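Q: First, the structure itself, so that you have it in front of you.
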Amino acid sequence: MTALLAVSCGRKTGDGPTVSRFDGFTQGTTYHILVKSDGPLHMENEIDSLLTEVDNSMSLYNPQSLLSRLNRNETDSVDGFIAECIRTARSISEQSDGAYDITVKPLTAAYGFTGDVPVQNPDVDSLLKLVGYDKIAVENGRLRKADPRMQIDLNSIAQGATSDYIAAYFEKLGIEEYMIEVGGEIFCRGLNAKGKPWVVGIDRPKEGNFTPGADLQVKISLSGKGLATSGNGAARNQRPAFGHGRRGNFGGGRRLRHGSDGHGTRARQGISRRPSRDTGLSDLLGRAGTFPNIRHPGTRPNDRPVIRQEIRNPARKKQEQMQKVRFAYNPKAGETVITDWLDNIIDIYQRGGYSIMPYRLAFTEAEETDLLDDIDGSYHHILVAGGDGTVNYVVNMLKRRNLDLPVAVLPTGTANDFANTLGVPSDIEKACRRILGGEIRRVDLGRANDEYFVNVFSCGLFTDVSQKTPTILKNTFGKLAYYFGGLGELPNFRKMHISIESDGGNYEGPSLIFFVFNGRTAGQMRFAYLSEIDDGLLDVIVIKGDRPIETVRTIFHFIKRNTKDYPAGIVHFKSRDILLHSYNEETTDIDGQPGPRFPVRIACEPGALRVICPQKKPKK
Numbered sequence: 135m136t137a138l139l140a141v142s143c144g145r146k147t148g149d150g151p152t153v154s155r156f157d158g159f160t161q162g163t164t165y166h167i168l169v170k171s172d173g174p175l176h177m178e179n180e181i182d183s184l185l186t187e188v189d190n191s192m193s194l195y196n197p198q199s200l201l202s203r204l205n206r207n208e209t210d211s212v213d214g215f216i217a218e219c220i221r222t223a224r225s226i227s228e229q230s231d232g233a234y235d236i237t238v239k240p241l242t243a244a245y246g247f248t249g250d251v252p253v254q255n256p257d258v259d260s261l262l263k264l265v266g267y268d269k270i271a272v273e274n275g276r277l278r279k280a281d282p283r284m285q286i287d288l289n290s291i292a293q294g295a296t297s298d299y300i301a302a303y304f305e306k307l308g309i310e311e312y313m314i315e316v317g318g319e320i321f322c323r324g325l326n327a328k329g330k331p332w333v334v335g336i337d338r339p340k341e342g343n344f345t346p347g348a349d350l351q352v353k354i355s356l357s358g359k360g361l362a363t364s365g366n367g368a369a370r371n372q373r374p375a376f377g378h379g380r381r382g383n384f385g386g387g388r389r390l391r392h393g394s395d396g397h398g399t400r401a402r403q404g405i406s407r408r409p410s411r412d413t414g415l416s417d418l419l420g421r422a423g424t425f426p427n428i429r430h431p432g433t434r435p436n437d438r439p440v441i442r443q444e445i446r447n448p449a450r451k452k453q454e455q456m457q458k459v460r461f462a463y464n465p466k467a468g469e470t471v472i473t474d475w476l477d478n479i480i481d482i483y484q485r486g487g488y489s490i491m492p493y494r495l496a497f498t499e500a501e502e503t504d505l506l507d508d509i510d511g512s513y514h515h516i517l518v519a520g521g522d523g524t525v526n527y528v529v530n531m532l533k534r535r536n537l538d539l540p541v542a543v544l545p546t547g548t549a550n551d552f553a554n555t556l557g558v559p560s561d562i563e564k565a566c567r568r569i570l571g572g573e574i575r576r577v578d579l580g581r582a583n584d585e586y587f588v589n590v591f592s593c594g595l596f597t598d599v600s601q602k603t604p605t606i607l608k609n610t611f612g613k614l615a616y617y618f619g620g621l622g623e624l625p626n627f628r629k630m631h632i633s634i635e636s637d638g639g640n641y642e643g644p645s646l647i648f649f650v651f652n653g654r655t656a657g658q659m660r661f662a663y664l665s666e667i668d669d670g671l672l673d674v675i676v677i678k679g680d681r682p683i684e685t686v687r688t689i690f691h692f693i694k695r696n697t698k699d700y701p702a703g704i705v706h707f708k709s710r711d712i713l714l715h716s717y718n719e720e721t722t723d724i725d726g727q728p729g730p731r732f733p734v735r736i737a738c739e740p741g742a743l744r745v746i747c748p749q750k751k752p753k754k
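In the numbering used here, the protein residues as written are 135 to 754.
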């Protein structure tokens, strides 16, 4: 067993600096972070969100993590975390002539190292056929296996990578003095509150030594250096870390404790916090650059600590920071102003540390291949400039390719309902800058038969208006074009007769307009006041239209008074799964584009899309 004792100053004295402490559970182990600053820092949510992102990606103990799903062959799409770790691991494997190999999961599982029940007398020869770092590869954002039974274990590299990711985030914020420990993998930079290097104590690895600092083997000063540690075999089942344990077990194994008096005489147990699953900070890492090179492979064959001096190469660092962004723009959307802004958008992104690659959308059959074939883990997000129809077009392509690439939206269409729901400013320059300062969130998607929609499915009056309103009228009058179009269609429009079966409510009868909202607005008219884009539910709204003229008046009055109470003649309920029938051959619409024919099965897919929600407007 190895245990760690970090010696630092944890309190503000006089006018001196403050060391803020953050600790808790992650990845089947604990984390402990100290940050030196001029005053207290409140970064719990950001740090926990980052750790949650990593856990959801690389944890073997999270059955829903991307790595777990890759091992079960439920997907072959990799994210930036996994892609970078696989590339780094391959380099280490080649340098060690295969002594290091992340494809050992079948063996570690057979011997019970990953929480699995050990196999009695495992057939090692058969399992070895499923091991070999050269039998896997990441190509175009997908994991390729020579044998589908192959499995990956990133436990040896994931915690060291996590320390690097947090360090990259700190550096992006301009934080230059900190200590990060995740499951025994440490990186320190700068000096502690006393103006001295951070001090780490290594407990002597012997049985019965479970008191941090009681019997230290060595003390090590760290600044600009990393340290990787590993527990011995006897302690493996007492308190394993990322790849060898149970979440939240503080007994045995390796430990890191921060001394409250600056001398390590009072060890304190870490504080448990459940990471938030909503914020998502992989974007912040992206703004810090590409994922930093992994500095240490994690566990070592013995208990002797390995220290390395971090090498700073400004040219290489700048190159790493130029993470890729695919920029897909619709030149005909809205008022067609996007073409005048191309150079400005590219300049803003390049100054933000991104390499942006524009692509002019032509809406052809071959476009999906041209747009997405080279997408891999080096891409941070895809920037889409256009209206809801353009966003819908790109999102459906991403889903067909099983690409979980975050989507950012520049609102250059007519109504831009989805962008408004995300809080994207209408000003293109402001939108770009706030997107670069924003956060990645998972939001729901609607699915109508085999087609996805980001904002709304509809049929009835608004469907006809959306599809019949000329583009020139939309570009000239914006959302007012829908109002003009609606008034023009109203005298000739006949009511539908529909039936709805769902887990949230049923309806059969007449309908002038029928909506299923994932977002909140249609033509910037807020029909779905109660809709939330990440609640796992869709909002169903039926406008009966018993008296068409009176109904339209009711709608406009309803919109104008901005109320959350639906008036008479409007049916509203929330649902996850909806079966829709029409007794007439009605046209449907998804995000302003022609939708599927009846009958239509509409379902909510919770958290199916990653989006970048722009940074909120700074307070004055």
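Backbone N, C-alpha and C define an ideal beta-carbon position, used for all residues, glycine too. Note that this is a predicted model, so its numbers are computed, not measured.
#1: Among K279, V577 and D189, which residue has its Cα nearest to the Cα of E746?
#2: Measuring alpha carbon to alpha carbon, tell me which residue in Y234, L595 and L570 is nearest V459.
#3: By the three-class DSSP mapping on this structure, what secondary structure does I704 have?
#4: Relative to the alpha-carbon of G158, which residue among K359, K170, I220 and N179 has its alpha-carbon at the smallest distance?
#5: Since T237 contacts V265 with CB under 8 angstroms, what's their CB separation in whole angstroms?
#6: Quick one: any contact between the segment 536–555 and the segment 284–299, if contact means 3 or more CB pairs under 8 angstroms?
#7: Skipping 5 residues on each side, what residues in its chain have a beta carbon closer than 6 angstroms to that of H706?
#8: Where does Y717 sit, in a helix, a strand or coil, going by DSSP?
#9: Buried or exposed for V251, going by 16 or more other Cβ atoms inside 10 Å?
#10: Does the segment 171–190 come close enough to the segment 296–307 to have 3 or more Cβ pairs within less than 8 angstroms?
#11: Can you list the beta strand (DSSP E) stretches of 3 or more residues lying completely in the segment 630–655, in chain order?
#12: With distances taken Cα to Cα, identify the nearest neighbour of N205 among A243, Q229 and V471.
#13: Helix, strand or coil, according to DSSP, for F156 in the structure here?
#14: For the alpha helix (DSSP H) that contains K564, what are its first and last residues?
#15: Just the Cα atoms here: how many angstroms apart are F587 and L743?
#16: Check whether the segment 170–178 and the segment 187–207 are in contact - that is, three or more C-beta pairs closer than 8 angstroms.
#17: For a minimum of 3 consecutive residues, which ranges assigned as the beta strand (DSSP E) are wholly contained in the segment 267–292?
#18: Determine the extent of the alpha helix (DSSP H) in which Y483 is found, giving its start and end residues.
#19: Please return the same chain residues whose Cβ sits closer than 6 angstroms to the Cβ of P540, not counting the five positions on each side in sequence.
#20: Report the three-state DSSP secondary structure of Q161 (helix, strand or coil).
#21: Is the segment 533–547 touching the segment 506–525, taking contact as three or more C-beta pairs under 8 angstroms?
#22: How many angstroms separate the CA atom of M284 from the CA atom of K239?
#23: Within a Cβ cutoff of 6 angstroms, which residues of the same chain sit near A737, ignoring the five residues on either side of it in sequence?
#24: When the Cα of E98 is compared with those of N526, L476, K629 and R535, which residue comes out closest?
#25: Reducing DSSP to helix, strand and coil, say where V528 ends up.
#26: Assuming N550 and I724 are in contact, meaning their beta carbons sit under 8 angstroms apart, how far apart are those beta carbons, in whole angstroms?
#27: When we look at the beta-carbon of Q161 and count the other beta-carbons within 10 Å, is it buried (16 or more) or exposed?
#28: Assuming contact is defined by CB atoms lying nearer than 8 angstroms, are D213 and G487 in contact in what I supplied?
#29: The alpha helix (DSSP H) that contains I309, what's its start and end?
#30: So, with DSSP's three-state summary, where would you put G511?
#31: Within its chain, find whatever has a CB closer than 6 angstroms to the CB of L579; leave out the 5 residues flanking it on each side and keep chain order.
#32: For a test of the three-state rule: what should DSSP assign to K239, helix, strand or coil?
#33: Rounded to whole angstroms, what's the CA-CA distance from Y253 to S260? Just pull it up for me.
#34: Quick one: what's got a C-beta closer than 7 angstroms to S560's C-beta in the same chain, skipping five residues either side?
#35: I need the DSSP call for M192, collapsed to helix, strand or coil.
A: The structure says:
#1: Locating residue 746 in the sequence shown gives position 612, counting from the first residue. For clarity, residue 746 is Ile in the given sequence; the question names Glu instead. Here the closest residue by C-alpha is V577.
#2: Counting from 1 along the sequence shown, the entry for residue 459 is found at position 325. V459 has its Cα closest to that of L570, out of Y234, L595 and L570.
#3: On the sequence shown, residue 704 is found 570 positions in, with the first residue counted as 1. Here I704 sits in strand by DSSP.
#4: Here residue 158 is taken as the residue at index 24 of the sequence shown, counted from 1. Closest option to G158, Cα to Cα, is N179.
#5: Position 103 of the sequence shown, counted from the first residue, corresponds to residue 237. Position 131 of the sequence shown, counted from the first residue, corresponds to residue 265. Yes, they are in contact, since the Cβ atoms of T237 and V265 sit about 5 angstroms apart, within 8 angstroms.
#6: In the pairwise beta carbon analysis, the segment 536–555 is classified as not touching the segment 284–299: fewer than three pairs are separated by under 8 angstroms.
#7: Reading the sequence shown from its first residue, position 572 is the one you call residue 706. Once the five neighbours on either side are set aside, the close Cβ partners of H706 are I675 and Y700.
#8: As a first step, residue 717 must be located in the sequence shown, where it is residue number 583. The answer is coil: DSSP assigns Y717 none of H, G, I, E or B.
#9: Numbered from 1 along the sequence shown, position 117 holds the residue referred to as residue 251. The residue in question, V251, is exposed, as its Cβ has fewer than 16 Cβ neighbours within 10 Å.
#10: yes
#11: 630–636, 641–645 and 647–651
#12: One-based indexing of the sequence shown puts residue 205 at position 71. Per the Cα distances, A243.
#13: Numbered from 1 along the sequence shown, position 22 holds the residue referred to as residue 156. DSSP places F156 in strand when its eight states are reduced to three.
#14: Here the question's residue 564 lines up with position 430 in the sequence shown. Looking at the DSSP string, the run of the alpha helix (DSSP H) that includes K564 is I562 to L570.
#15: Counted from its first residue, the sequence shown places residue 587 at position 453. Counted from its first residue, the sequence shown places residue 743 at position 609. So the alpha carbons of these two residues sit roughly 11 angstroms apart.
#16: no
#17: The qualifying runs are 270–273 and 276–279.
#18: Position 349 of the sequence shown, counted from the first residue, corresponds to residue 483. Here the alpha helix (DSSP H) through Y483 covers I472 to R485.
#19: In the sequence shown, counting from the first residue as 1, residue 540 sits at position 406. Result list for P540: H515, I574, R744 and I746, in chain order.
#20: In the sequence shown, residue 161 corresponds to position 27, counting from 1. The answer is coil: DSSP assigns Q161 none of H, G, I, E or B.
#21: yes
#22: Sequence index remark: in the sequence shown, residue 284 carries index 150 (1-based). Sequence index remark: in the sequence shown, residue 239 carries index 105 (1-based). The straight-line gap separating the alpha-carbon atoms of M284 and K239 is approximately 8 angstroms.
#23: Along the sequence shown, read from residue 1 onward, the residue named residue 737 stands at position 603. The residues are R581 and D711.
#24: The question about residue 98 has no answer here: the residues shown for the chain are numbered 135 through 754.
#25: What you label residue 528 is simply residue 394 of the sequence shown in a count that begins at 1. The answer is helix: DSSP assigns V528 an H, G or I state.
#26: Within the sequence shown, residue 550 is the residue found at index 416, counting from 1. Within the sequence shown, residue 724 is the residue found at index 590, counting from 1. Contact flag wrong, Cβ pair sits at about 16 angstroms.
#27: Counting from one through the sequence shown, the residue named residue 161 turns up at place 27. Classification of Q161: buried, given that the 10 Å Cβ count is 16 or more.
#28: Translated into positions along the sequence shown, residue 213 becomes position 79. Translated into positions along the sequence shown, residue 487 becomes position 353. No, these two residues do not count as a Cβ contact at 8 angstroms.
#29: Looking up residue 309 in the sequence shown gives position 175. Per DSSP, I309 lies in no alpha helix (DSSP H) segment and is marked neither H nor E.
#30: Taking the sequence shown and counting its residues from 1, one reaches residue 511 at position 377. Residue state, collapsed to three classes: coil.
#31: What you label residue 579 is simply residue 445 of the sequence shown in a count that begins at 1. In its chain, beyond the 5 residues on either side, Y586, E739, A742 and L743 have a beta carbon closer than 6 angstroms to the beta carbon of L579.
#32: Reading the sequence shown from its first residue, position 105 is the one you call residue 239. Three-state result, K239: helix.
#33: For this step, residue 253 is matched to residue 119 along the sequence shown. For this step, residue 260 is matched to residue 126 along the sequence shown. One detail in the question is off: residue 253 reads as Val in this sequence, not Tyr. Taking the straight line joining both Cα atoms gives about 13 angstroms.
#34: To locate residue 560, count along the sequence shown from 1; it is residue 426. So the list reads P545, once near-sequence residues are dropped.
#35: Sequence index remark: in the sequence shown, residue 192 carries index 58 (1-based). Helix, per DSSP.
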